[in-house]
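First residue of the sequence shown? That's 1 in full-length UniProt numbering, and the numbers climb one at a time after it.
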Amino acid sequence: MPNNKTVIVTGGSGGIGGEICSKLANAGWKTVVHYHSDKESAEKVVAEIKAKGGKAFAAKCDLSDEQAVTELFDTSIAEFGELHSFVACAGIAGSGPVVETSLCEFQKLLRVNVVGAYLTIREAARRIEEGGRIVFISSQLAERPREGTGLYSATKAAMDAMIVSMSRELGSRRITINSVRPGATEPGMFANSNEERKEYFRNLSPFKRLGHPNDIAGVVEFLLSDDARWMTGQHLRVDGGASN
(Lines of atoms letter the chains of each structure in order from A and count residues from 1; the text may use other names and numbers.)
(Lines give C-alpha, C1' and ligand atoms only; values in the text may rest on other atoms or scores of the structure.)
Protein backbone atom coordinates (compact mmCIF):
# COMPACT_ATOMS: atom_id res chain seq x y z
CA MET A 1 0.00 0.00 0.00
CA PRO A 2 1.42 3.45 -0.91
CA ASN A 3 2.73 5.30 2.13
CA ASN A 4 2.74 8.60 0.22
CA LYS A 5 6.29 9.33 1.36
CA THR A 6 9.16 10.39 -0.85
CA VAL A 7 12.72 9.10 -0.67
CA ILE A 8 15.79 10.03 -2.70
CA VAL A 9 18.43 7.31 -3.09
CA THR A 10 21.79 8.39 -4.48
CA GLY A 11 23.74 5.73 -6.32
CA GLY A 12 20.41 4.12 -7.17
CA SER A 13 21.77 2.53 -10.33
CA GLY A 14 24.31 0.40 -8.42
CA GLY A 15 24.01 -3.03 -6.85
CA ILE A 16 23.17 -1.98 -3.30
CA GLY A 17 21.49 1.27 -4.32
CA GLY A 18 19.30 -0.42 -6.91
CA GLU A 19 18.18 -3.03 -4.40
CA ILE A 20 17.36 -0.32 -1.86
CA CYS A 21 15.27 1.53 -4.46
CA SER A 22 13.38 -1.61 -5.41
CA LYS A 23 12.69 -2.63 -1.82
CA LEU A 24 11.47 0.80 -0.78
CA ALA A 25 9.30 1.23 -3.87
CA ASN A 26 7.74 -2.18 -3.28
CA ALA A 27 6.85 -0.95 0.22
CA GLY A 28 5.06 2.05 -1.26
CA TRP A 29 7.74 4.75 -1.26
CA LYS A 30 7.81 7.26 -4.11
CA THR A 31 11.43 6.72 -5.09
CA VAL A 32 13.94 8.99 -6.82
CA VAL A 33 16.64 6.82 -8.40
CA HIS A 34 19.77 8.94 -8.68
CA TYR A 35 22.60 8.08 -11.06
CA HIS A 36 25.80 9.77 -12.18
CA SER A 37 26.58 8.11 -15.50
CA ASP A 38 24.84 4.71 -15.70
CA LYS A 39 21.53 5.88 -17.12
CA GLU A 40 20.68 2.44 -18.50
CA SER A 41 20.87 0.73 -15.11
CA ALA A 42 18.91 3.52 -13.40
CA GLU A 43 16.15 3.37 -15.98
CA LYS A 44 16.03 -0.42 -15.62
CA VAL A 45 15.47 -0.03 -11.87
CA VAL A 46 12.69 2.50 -12.55
CA ALA A 47 11.06 0.28 -15.18
CA GLU A 48 11.00 -2.69 -12.80
CA ILE A 49 9.46 -0.53 -10.07
CA LYS A 50 6.76 0.82 -12.39
CA ALA A 51 6.00 -2.68 -13.70
CA LYS A 52 5.00 -3.60 -10.15
CA GLY A 53 2.81 -0.54 -9.77
CA GLY A 54 5.32 1.62 -7.93
CA LYS A 55 6.27 5.25 -8.45
CA ALA A 56 9.83 6.19 -9.41
CA PHE A 57 11.91 8.28 -11.75
CA ALA A 58 15.61 8.44 -12.60
CA ALA A 59 17.60 11.61 -11.98
CA LYS A 60 21.12 12.35 -13.18
CA CYS A 61 23.38 14.45 -10.98
CA ASP A 62 27.05 15.13 -10.33
CA LEU A 63 26.96 15.05 -6.54
CA SER A 64 30.17 17.05 -6.21
CA ASP A 65 28.44 20.03 -7.90
CA GLU A 66 26.62 22.11 -5.28
CA GLN A 67 24.17 23.68 -7.74
CA ALA A 68 23.40 20.33 -9.35
CA VAL A 69 22.60 18.85 -5.93
CA THR A 70 20.20 21.72 -5.22
CA GLU A 71 18.49 21.05 -8.55
CA LEU A 72 18.24 17.32 -7.80
CA PHE A 73 16.26 18.06 -4.65
CA ASP A 74 14.18 20.76 -6.38
CA THR A 75 13.21 18.32 -9.14
CA SER A 76 12.47 15.48 -6.73
CA ILE A 77 10.20 17.57 -4.52
CA ALA A 78 8.43 19.12 -7.52
CA GLU A 79 7.71 15.63 -8.87
CA PHE A 80 6.80 13.74 -5.70
CA GLY A 81 6.13 16.32 -3.00
CA GLU A 82 7.57 16.81 0.47
CA LEU A 83 10.73 14.85 1.23
CA HIS A 84 10.56 12.39 4.11
CA SER A 85 13.77 10.36 3.79
CA PHE A 86 17.16 10.31 2.11
CA VAL A 87 19.60 7.46 1.50
CA ALA A 88 23.20 8.33 0.55
CA CYS A 89 24.48 5.28 -1.30
CA ALA A 90 26.62 6.84 -4.02
CA GLY A 91 30.34 6.18 -3.75
CA ILE A 92 33.40 4.83 -5.47
CA ALA A 93 35.93 2.26 -4.36
CA GLY A 94 39.64 2.81 -4.06
CA SER A 95 42.42 0.40 -3.25
CA GLY A 96 46.17 0.27 -3.04
CA PRO A 97 48.86 1.20 -0.56
CA VAL A 98 48.71 4.80 0.61
CA VAL A 99 52.31 5.43 -0.43
CA GLU A 100 51.50 4.35 -3.98
CA THR A 101 48.31 6.38 -4.36
CA SER A 102 48.50 9.67 -6.24
CA LEU A 103 47.00 12.88 -4.93
CA CYS A 104 44.72 12.90 -7.97
CA GLU A 105 43.31 9.48 -7.05
CA PHE A 106 42.78 10.54 -3.45
CA GLN A 107 41.08 13.76 -4.51
CA LYS A 108 38.68 11.75 -6.67
CA LEU A 109 37.76 9.61 -3.65
CA LEU A 110 37.26 12.73 -1.55
CA ARG A 111 35.16 14.43 -4.22
CA VAL A 112 32.69 11.55 -4.48
CA ASN A 113 32.75 9.87 -1.07
CA VAL A 114 33.09 12.95 1.13
CA VAL A 115 32.12 16.10 -0.77
CA GLY A 116 29.26 14.40 -2.61
CA ALA A 117 27.95 12.76 0.54
CA TYR A 118 28.29 15.99 2.53
CA LEU A 119 26.47 18.11 -0.06
CA THR A 120 23.56 15.70 -0.40
CA ILE A 121 23.17 14.94 3.30
CA ARG A 122 23.35 18.66 4.08
CA GLU A 123 20.68 19.41 1.48
CA ALA A 124 18.51 16.57 2.75
CA ALA A 125 18.79 17.88 6.31
CA ARG A 126 17.66 21.31 5.13
CA ARG A 127 14.68 19.99 3.18
CA ILE A 128 13.44 16.96 5.04
CA GLU A 129 10.23 17.12 7.03
CA GLU A 130 10.09 16.80 10.81
CA GLY A 131 10.41 13.18 11.91
CA GLY A 132 12.24 12.24 8.72
CA ARG A 133 15.09 9.82 8.18
CA ILE A 134 18.61 9.99 6.73
CA VAL A 135 20.75 6.90 6.11
CA PHE A 136 24.36 6.85 4.90
CA ILE A 137 25.81 3.71 3.38
CA SER A 138 29.26 3.52 4.92
CA SER A 139 31.52 0.46 5.07
CA GLN A 140 32.92 -2.07 7.49
CA LEU A 141 36.26 -0.61 6.42
CA ALA A 142 35.45 2.70 8.15
CA GLU A 143 35.94 0.85 11.42
CA ARG A 144 38.41 -1.84 10.41
CA PRO A 145 40.69 -0.71 7.59
CA ARG A 146 42.65 -3.44 5.88
CA GLU A 147 45.83 -3.39 3.88
CA GLY A 148 45.29 -1.40 0.70
CA THR A 149 42.09 0.30 1.87
CA GLY A 150 43.48 3.18 3.92
CA LEU A 151 42.25 6.11 1.83
CA TYR A 152 38.84 4.61 1.04
CA SER A 153 38.41 3.77 4.72
CA ALA A 154 39.31 7.35 5.63
CA THR A 155 36.54 8.77 3.42
CA LYS A 156 33.91 6.56 5.02
CA ALA A 157 35.16 7.22 8.56
CA ALA A 158 35.02 10.97 7.91
CA MET A 159 31.34 10.80 7.01
CA ASP A 160 30.53 8.53 9.93
CA ALA A 161 31.99 11.15 12.26
CA MET A 162 29.86 13.84 10.66
CA ILE A 163 26.75 11.70 11.12
CA VAL A 164 27.27 11.43 14.88
CA SER A 165 27.51 15.22 15.11
CA MET A 166 24.45 15.73 12.90
CA SER A 167 22.38 13.39 15.05
CA ARG A 168 22.68 16.02 17.79
CA GLU A 169 21.93 18.86 15.40
CA LEU A 170 18.78 17.27 13.95
CA GLY A 171 17.31 15.83 17.13
CA SER A 172 15.09 18.83 17.85
CA ARG A 173 13.25 18.09 14.59
CA ARG A 174 12.97 14.38 15.41
CA ILE A 175 15.06 13.52 12.36
CA THR A 176 17.18 10.41 12.74
CA ILE A 177 20.48 9.95 10.92
CA ASN A 178 22.41 6.68 10.92
CA SER A 179 24.96 4.82 8.85
CA VAL A 180 25.01 1.23 7.66
CA ARG A 181 28.38 -0.51 7.40
CA PRO A 182 28.20 -3.35 4.87
CA GLY A 183 30.96 -5.89 4.55
CA ALA A 184 32.03 -7.40 1.25
CA THR A 185 28.93 -7.44 -0.95
CA GLU A 186 28.28 -8.84 -4.42
CA PRO A 187 27.07 -7.54 -6.80
CA GLY A 188 28.49 -4.16 -5.92
CA MET A 189 31.90 -2.51 -5.71
CA PHE A 190 33.37 -5.84 -4.64
CA ALA A 191 32.25 -7.63 -7.81
CA ASN A 192 35.49 -6.88 -9.69
CA SER A 193 37.71 -8.47 -7.04
CA ASN A 194 39.56 -11.66 -7.92
CA GLU A 195 38.40 -15.03 -6.63
CA GLU A 196 41.18 -15.29 -4.05
CA ARG A 197 40.13 -12.01 -2.47
CA LYS A 198 36.47 -13.01 -2.51
CA GLU A 199 37.27 -16.30 -0.80
CA TYR A 200 39.22 -14.46 1.88
CA PHE A 201 36.22 -12.27 2.69
CA ARG A 202 33.79 -15.19 2.53
CA ASN A 203 35.80 -16.89 5.25
CA LEU A 204 35.61 -13.84 7.53
CA SER A 205 31.89 -14.42 8.00
CA PRO A 206 30.53 -17.32 10.09
CA PHE A 207 28.09 -17.85 7.20
CA LYS A 208 30.99 -18.35 4.74
CA ARG A 209 29.49 -16.17 2.04
CA LEU A 210 29.59 -12.64 0.73
CA GLY A 211 26.77 -10.25 1.44
CA HIS A 212 23.97 -9.60 -1.05
CA PRO A 213 22.46 -6.17 -1.69
CA ASN A 214 19.16 -7.40 -0.26
CA ASP A 215 20.93 -8.02 3.07
CA ILE A 216 21.62 -4.30 3.19
CA ALA A 217 18.33 -3.06 1.75
CA GLY A 218 16.28 -4.67 4.50
CA VAL A 219 18.23 -2.84 7.19
CA VAL A 220 17.82 0.46 5.35
CA GLU A 221 14.07 -0.12 5.11
CA PHE A 222 13.97 -0.64 8.87
CA LEU A 223 15.96 2.54 9.57
CA LEU A 224 13.46 4.55 7.51
CA SER A 225 10.52 3.12 9.43
CA ASP A 226 8.74 4.44 12.50
CA ASP A 227 10.16 1.48 14.45
CA ALA A 228 13.63 3.08 14.20
CA ARG A 229 12.54 6.36 15.79
CA TRP A 230 14.77 5.76 18.87
CA MET A 231 17.95 5.11 16.87
CA THR A 232 20.17 7.97 15.75
CA GLY A 233 23.89 8.63 15.37
CA GLN A 234 24.50 4.89 15.10
CA HIS A 235 26.78 2.87 12.82
CA LEU A 236 25.19 -0.50 12.13
CA ARG A 237 27.46 -3.39 11.17
CA VAL A 238 25.72 -5.39 8.43
CA ASP A 239 28.54 -7.68 7.43
CA GLY A 240 27.48 -11.21 8.32
CA GLY A 241 29.61 -11.12 11.45
CA ALA A 242 32.83 -10.55 9.51
CA SER A 243 34.00 -7.79 11.86
CA ASN A 244 33.34 -9.78 15.05
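By construction, the Cβ of each residue, glycine as well, lies at the ideal position given by its N, Cα and C atoms.
Three-way DSSP call (helix, strand, coil) for E136 in this model: Per the sequence shown, residue 136 should be read as Phe rather than Glu. Reduced to three states, the DSSP call for F136 is strand.
Pull the bridge partners of I177 from the DSSP assignment, please. I134
Out of V32, P213, I92, point me to the one whose CA is closest to A78's CA. V32
According to DSSP, simplified to helix, strand and coil, what is P182? strand
For a test of the three-state rule: what should DSSP assign to L210, helix, strand or coil? coil
Is the CB-CB distance between Q234 and N178 below 8 Å? yes
Pick out the complete beta strand (DSSP E) segments inside the stretch 57–81, 3 residues or longer, and give them in chain order. none
With a threshold of 7 Å on Cβ separation, who are the neighbours of R202 within its own chain once the five nearest residues in sequence on each side are excluded? K208, R209, L210
Short of 7 Å in beta carbon distance, which residues of its chain neighbour A154, apart from the five on each side in sequence? Order them along the chain. none
Anticipated Cβ contact below 8 Å, H34 with V9, distance rounded: 6 Å
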